[in-house]
Each structure stands twice: as C-alpha cells, then as structure tokens.
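Here the sequence shown stands for residues 266 to 483, numbered as in my numbering. Ideal placement from N, C-alpha and C gives every residue a C-beta, glycine not left out. This report refers to the structure that appears directly beneath it.
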Amino acid sequence: MTDAILLGPPGAGKGTQARVLCNRYGYRQIATGDLLREHRAGGTDLGKSADAYMQRGDLVPDELIVRMVERELSGDRRVLFDGFPRTIAQAEALDALLSARGRGDAAALVLEIDRSLLEERLIGRWTNPRTGRVYHEKFAPPRVAGIDDDDGGPLVQREDDRPDTVRHRLAVYEAQTRPLVDYYASSGRLAKIDAGRPIDSVSKEIREALHLAEPSTA
Ligand code: ADP
Ligand code: AMP
C-alpha cells in the first residue's frame, strides 16, 4: 500500500485528479481544504480558528492542520493527500505520522503548470459544497449551469477564488509550499506531472507515474 501526495499550486487540478484516482483506484482522499470548509460550515472551534486565514488566502497554522490530519488517518485503504502538506513542517510531521503507523513513505507528485493558466482556472471554478466536486464553466462544465450533475443541488463559487485573493494564494504557494518539491525530490520520491494539458491527459500521466493499471473500457 503506497499513499500518495498531490502537490501543486491552487488551480493546478489536484481536486479534479484526486476524484479520478479515488473513483477508479480506491484511494481515500484527505483534502485539507475540504475538511477545513466542513469545519467552518459546522461552526467548530477549528473552523472558527481557520476562518480568517482562509479568507485572506493565508495558510492555517501547522499544528491545527497536523492535528486535523492525524484524526483522519485510520484504516487500511491507501490515502491520497490533496492540498497537504503545504509547508516543510507539515511534510516532516506527515512522514512521522505515516512511519508511526507502519505505512511506507508516500509517493509525491507535483502538478506543474504555467502560472498564466491558473487565474482562469480558479476564477471559472464552481464547486459542490456538499461533496467537494469541482467543475469549470469552460473546461469541465456541469450538464446544467450552476447545478451539480450528481445530486442536482446548487454549485457555488469559492470566496477565496476572487482575483485578489487568488494572487495572494499563488504567492503563498511560491513562498511556503514550493520548497516541498526539493524536499521530496531529494528523497527520490517525486514525479513531475505536466498539468497544463487536458484533464484526461493529466490523469494518464499520473496513472503511469503511480504504476496503476489502465481503467477497463468495458
Ligand atoms: P486544485 O484542487 O489544485 O486547486 P481543481 O482541481 O479545483 O484545482 O481545479 C481548478 C479548476 O480548474 C476547476 O474549475 C477544474 O474544473 C479546472 N481544471 C482542473 N484540471 C484541469 C485541466 N487539466 N484543464 C482545464 N481545466 C482544469
Ligand atoms: P484549498 O481548498 O486546498 O485551496 O485550501 C483552501 C484554504 O484552506 C487555503 O488557502 C488555506 O487557507 C487552507 N488550507 C488548506 N490546506 C491547508 C494546509 N495543508 N495547510 C495550511 N492551510 C491549509
């Protein structure tokens, strides 16, 4: 069982690809952004503490994030981490948590993409807040605009997908998360994925990097 980590800037397609991997290959997704939004919606102490950071597009403090992830780490299914880790301290904590549970090192994939594509992806993103499924008004539209294909409920645009917050989140990525590329490369467990291509092409490259079987067309 090898767990996997999806790294990459906001808008690179982590959530989109995580959904494909979970549906086809039985990964269990741990998406820290989705978990935090659930805490905010539920009005928990963690949700209240995280709120201001998320609105600004800043990272929520490491100790809150690591404690939240620790509570999610149980069971035998392989896990796909989406949006975590985002700092070196989180990456070190994850290595320790996995090793304490007798799980091997997680494989890391970085979704590389030209910055010029990211703003359009984020500004056109629509999300089902009940399931976390994402759409794009141009690149991955729902069958009916504003309505989720699966549950028929409304889609929403994220508050932090406004242009000014998007630019701040990208700067935060460069300063605090990009160093993880070297962290995982130096321990020989990083694969680079060209995330600027269409969704299916990116999925194929990820599948090959993780040595997963081709899905059956039957
Ligand atoms: P992340 O989780 O990395 O922030 P998402 O998976 O939410 O990114 O994708 C951001 C937006 O870009 C969504 O609206 C999604 O539908 C769209 N998207 C994802 N992958 C691609 C792709 N390969 N080509 C075009 N649009 C994409
Ligand atoms: P995301 O849905 O991954 O784009 O995350 C949305 C927001 O949640 C980020 O801008 C951060 O404020 C917060 N967040 C999500 N994951 C983390 C993390 N691993 N570390 C710190 N903050 C996080």
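- Looking at F349, V325, R305 and Q294, the one whose alpha-carbon comes closest to that of D341 is Q294.
- Taking 8 Å as the upper bound for CB-CB distance, Y292 and R343 are in contact here, some 5 Å apart.
- If you look at K403, you'll find it isn't in any alpha helix (DSSP H); DSSP assigns it neither H nor E.
- The stretch 273-360 contains, as complete beta strand (DSSP E) runs of 3+ residues, the segments 293-296 and 344-347 (chain order).
- At a threshold of 6 Å, G280 counts as near the ligand ADP, since its beta carbon sits closer than that to one of the ligand's heavy atoms.
- If the five residues before and after A283 are omitted, its C-beta is found closer than 7 Å to the C-beta atoms of L271, Q294, A296, L345 and D347, all from its own chain and listed in chain order.
- The closest CA to that of V375, considering only D316, R423, A277 and D268, is found on A277.
- According to the DSSP assignment, D447 belongs to the alpha helix (DSSP H) that extends over P444 to S451.
- Looking only at G397, D370, H401 and G298, the smallest Cα-Cα distance to E385 is reached by H401.
- In this structure, the C-beta of P275 approaches the ligand ADP to less than 6 Å from one of its heavy atoms.
- For V375, the uninterrupted beta strand (DSSP E) run begins and ends at A372 to E377, by DSSP.
- By the neighbour-count criterion, in which a residue is buried when 16 or more other Cβ atoms sit within 10 angstroms of its Cβ, T309 is exposed.
- Taking the Cβ of T297 as the reference point, at least one heavy atom of the ligand AMP falls within a distance shorter than 6 Å.
- Here K403 is exposed. Its C-beta has fewer than 16 other C-beta atoms within 10 Å.
- Taking the Cα positions, Y438 is about 30 Å away from I412.
- By DSSP's assignment, P419 forms a beta bridge with I412.
- Within the model, the alpha-carbon separation for R321 versus G418 is close to 28 Å.
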